[in-house]
Amino acid sequence: MGNASSIDASTVIYLELNGKQEKIVFSKHCSARDIHELVAQASGCSKYCVITLRDASGAHVSMSPTMPCNAPGSPYKVQITQPNSNNGDSEILTQLMTHVADQFNKAFKVEEMKSEISSRLTALERKLEIEGLKAVEIEKCKKDISEIKDQIWTAQKKYVDFNRMRPALYGSNSIDAFYSSMSDERKICLKRDIPAYPKYTLSQETIDYLKQPTFDIWHWEPNEMLSLLEHMFHELKLVKEFNINPITLKRWLLCVQENYRNNPFHNFRHCFCVTQMMYGMIHLCNLQKHVSIEEIGILIVASICHDLDHPGYNNTYQINARTELAIRYNDISPLENHHCAVAFQIASNPETNIFSNVDKESFKRIRAGITQLILATDMARHSEIIETFKSKLDGKFDFKNKENIDTLKMVLIKCCDISNEVRPMEVSEPWVDCLLEEYFNQSDREKSEGLPVAPFMDRDKVTKPSAQIGFIKFVLIPMFETVARLFPQIEEQMVIPLKGSRDRYEGMKEQAQPNKPKEETKKE
């Protein structure tokens, strides 16, 4: 299990196409676009067609990795609509080709290829203007763009010193990952005239379930997660407190989602997971009784933004590899500082500024509070923060003392950030696989670059039990037990499940070492 093999579990979906039944199989880590292209291939149509799925009741089914599985007897009906215009595709391709040329000139400065690429781009743009783009032409243009990228990659390897030019947040050894890791202001300053996700009507059962630590975050697709986050803002009265325009809130949530990368672990679903646990702890601990709505808002917004634009490689890698982020932030919590910076870049855009209607003094407090909490998620500061919190619990904890409340908030976001093992096994265990996959990606890269490798990230040394037992015993349980001194109600719902999780992993370790004496196993 230590090699994250369970990540690749496949989903099987049955379709009805022109009276015939087809079956598609995909991994849960496929993108919605991948699934769309798979259905198009099964349908024998262009992937640029508009494809709609309906279930037996006629309801629309979202094509996403979390779409409900069905049976051969109840296939989804496929409806196909041919595109009427290629204007949208043309604009996207034009922007992409321009971006490729711009980034090539900025990053590599290889003048030998500039003239040739400019000529080819001009020819493609002329084709766009004069002829328009049909499906076949789109494919040809994409092929040309792919060839340009290959030439750029070859030139980069030939002319650029890799270590000196390593970009911040370089995600993998491919040019596509290089571009995705570059700062993209147009992405951060995303504007949407009409929110692109529907308004869901939540049942009372879902509303109540959303407050529970047992909430299963794997059963919700991205649009539903956005709506659940939106519900939290309304239910906690944050929309009223900050006088947020509901459309601005939608745009802000969409922009936040766009600025989470598709990492195995540090992705938008993790953001939602942490925020849902914070929402649950707010209700479980009855925090509204002890702190202001503004403080509640700081907790929720910090939870949503706490890993924005995470590259999938931790602070240790950033510092050892001397990335642009590490240099920019002087090796001091480079990732957490970056998450804060992206959060407030999003808020600097009037289209996505949920704080545009608060006064200057309030915004100053809110910004300081959010920054404090996101920086607190750096595990390098774990002991410092916990010891400070313990010292404040030794006397009578004063909820009117600002320092006490600030420390409490830092501990709460830390709890939520690493709270997966509080959840039931079927919810928590997939997260371990995702985290190990991200660790292995980093350790493989560190080996290839001659950098130090942490044993707990090395695929040749770590197993799932070894990765979890020490973390649960020496980090999670002591932290949650400390919080339970202030809020005894979390003992049953959080501390006891953590101890059960510890026991389960210890059992897994013993089963993996059947010939080893029990006493020797316990000493490790």
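Using this note's numbering, read the sequence shown as starting at 486 and increasing by one per residue.
Idealized CB from N, CA, C, for every residue including glycine.
These numbers come from a predicted model, not from an experiment.
Q | Three-way DSSP call (helix, strand, coil) for Val912 in this model | A | In the three-state reduction of the DSSP assignment, Val912 falls in the helix class.
Q) For Leu921, which option in Gln689, Glu501, Ala527 and His751 has the closest C-alpha, if you only look at C-alpha atoms? A) That would be His751, whose Cα lies nearest to the Cα of Leu921.
Q) Can you name the residues that DSSP bridges to Gln506? A) Beta bridge pairing from DSSP links Gln506 with Glu501.
Q | The beta strand (DSSP E) enclosing Val759, as first and last residue numbers | A | Per DSSP, Val759 belongs to no beta strand (DSSP E); it is in the alpha helix (DSSP H), Phe753 to Leu769.
Q) Is it right to say Thr856 is buried, meaning 16 or more other beta carbons lie within 10 angstroms of its own, or is it exposed? A) So Thr856 ends up on the buried side.
Q) So, Ala525 versus Ile536, is the Cβ gap smaller than 8 Å? A) It is a contact, given that the beta carbons lie within the stated cut-off.
(Q) Please state the DSSP three-state secondary structure of Val947. (A) Reduced to three states, the DSSP call for Val947 is coil.
Q) How many Å lie between Tyr990 and Lys949 at the Cα? A) Their Cα atoms are separated by approximately 8 Å.
Q) With 16 other CB atoms within 10 Å as the buried threshold, where does Cys554 fall? A) Around the Cβ of Cys554, a 10 Å sphere holds fewer than 16 other Cβ atoms; the residue is exposed.
**Q.** Cβ shell of Gln803 (< 7 Å), same chain only, five flanking positions each side left out
**A.** The beta carbon of Gln803 is closer than 7 Å to those of Leu810, Ala811, Pro819 and Leu820 in its chain, skipping five residues each way along the sequence.
Q: With DSSP as the reference, label Gln974 as helix, strand or coil.
A: For Gln974, the secondary structure class from DSSP, reduced to helix, strand or coil, is coil.
Q. On the three-state DSSP scale, how would you describe Ser933?
A. Note: Ser933 maps to helix in three-state DSSP.
Q: Just confirm the distance between the C-beta atoms of Arg944 and Phe956, as a whole number of angstroms; I'd bet it's less than 8 Å.
A: Between Phe956 and Arg944 the Cβ distance is about 18 Å, and since that is not below 8 Å, they are no contact.
Q: Tell me whether Phe1028 sits in a helix, a strand or coil according to DSSP, three-state version.
A: The displayed coordinates of the chain run from 486 to 1009. Any statement about residue 1028 would go beyond what the structure contains.
Q. Considering only residues of the same chain and omitting the five flanking positions on each side of Glu888, which have a CB-CB separation below 8 Å?
A. The answer, listed in chain order, is Lys877.
Q.
Tell me which residue opens and which closes the beta strand (DSSP E) that Arg807 is part of.
A. Looking at the DSSP string, Arg807 is not in any beta strand (DSSP E), and its letter there is neither H nor E.
Q: Assess, as a yes-or-no matter, whether the stretch 831-843 is touched by the stretch 724-744 under the definition of 3 or more beta carbon pairs within less than 8 Å.
A: In short, these stretches touch, since the Cβ pair count reaches three.
Q) Taking buried to mean at least 16 other C-beta atoms within 10 Å of its own C-beta, is Trp703 buried or exposed? A) Classification of Trp703: exposed, given that the 10 Å Cβ count is below 16.
Q | Alpha-carbon to alpha-carbon, Ser547 and Glu923 | A | Their Cα atoms are separated by approximately 27 Å.
Q. Would His545 be called buried (16 or more neighbouring beta carbons within 10 Å of its own) or exposed?
A. His545 is exposed by the Cβ-count criterion.
Q) Going by the beta-carbon positions, is the gap between Val827 and Asn747 smaller than 8 Å? A) Not a contact, by the Cβ cut-off of 8 Å.
Q. To which residues does DSSP link Leu440 through a beta bridge?
A. Nothing about residue 440 can be read from this structure; the chain reaches only from 486 to 1009.
Q: In the DSSP assignment, find the alpha helix (DSSP H) that holds Arg518 and state where it starts and stops.
A: Counting along the chain, the alpha helix (DSSP H) containing Arg518 begins and ends at Ala517 to Ser528.
Q.
For Tyr561 and Glu501, which I take to be in contact (beta-carbon distance under 8 Å), what is that distance rounded to the nearest angstrom?
A. Cβ-Cβ separation between Tyr561 and Glu501: approximately 7 Å, consistent with a contact (criterion under 8 Å).
Q: Output the boundary residues of the alpha helix (DSSP H) element that contains Gly992.
A: Ile981 to Ala997 is the extent of the alpha helix (DSSP H) around Gly992.
Q: Just the C-alpha distance for His1065 and Tyr764, rounded to the nearest angstrom, thanks.
A: An answer regarding residue 1065 cannot be provided, because it is not within the stretch 486 to 1009 covered by the chain.
(Q) If you follow the alpha helix (DSSP H) that Cys825 is in, where does it begin and where does it stop? (A) It spans Pro819 to Ala832 - the alpha helix (DSSP H) in which Cys825 sits, taken as one unbroken run.
Q | Rounded straight-line distance, which links the Cα of Ala541 to that of Pro707 | A | Their Cα atoms are separated by approximately 23 Å.
**Q.** Contact under 8 Å by Cβ, Ile781 with Leu723
**A.** Result yes, Cβ atoms of Ile781 and Leu723 sit closer than 8 Å.
Q) Does DSSP put Asn730 in a helix, a strand or coil? A) Residue state, collapsed to three classes: coil.
Q) Are there 16 or more other CB atoms within 10 angstroms of the CB of Gln953, so buried, or fewer, so exposed? A) Buried, by the Cβ-count rule.
Q.
Taking DSSP's pairing of strands, which residues face Ser495 in a bridge?
A. Note: Ser495 sits in a beta bridge opposite Ser512.
Q.
DSSP three-state label for Leu872, please.
A. In the sequence as displayed, the identity of residue 872 is Glu instead of Leu. Three-state result, Glu872: helix.
Q. Shortest alpha-carbon distance to Met895 belongs to which of His755, Val968 and Lys885?
A. That would be Val968, whose Cα lies nearest to the Cα of Met895.
Q: Output the distance between the C-alpha atoms of Pro937 and Asn805, rounded to the nearest integer angstrom.
A: Roughly 8 Å separates the two Cα atoms.
**Q.** Coil, strand or helix - Arg1012 by DSSP
**A.** Here the chain has residues from 486 to 1009 only, and residue 1012 is not among them.
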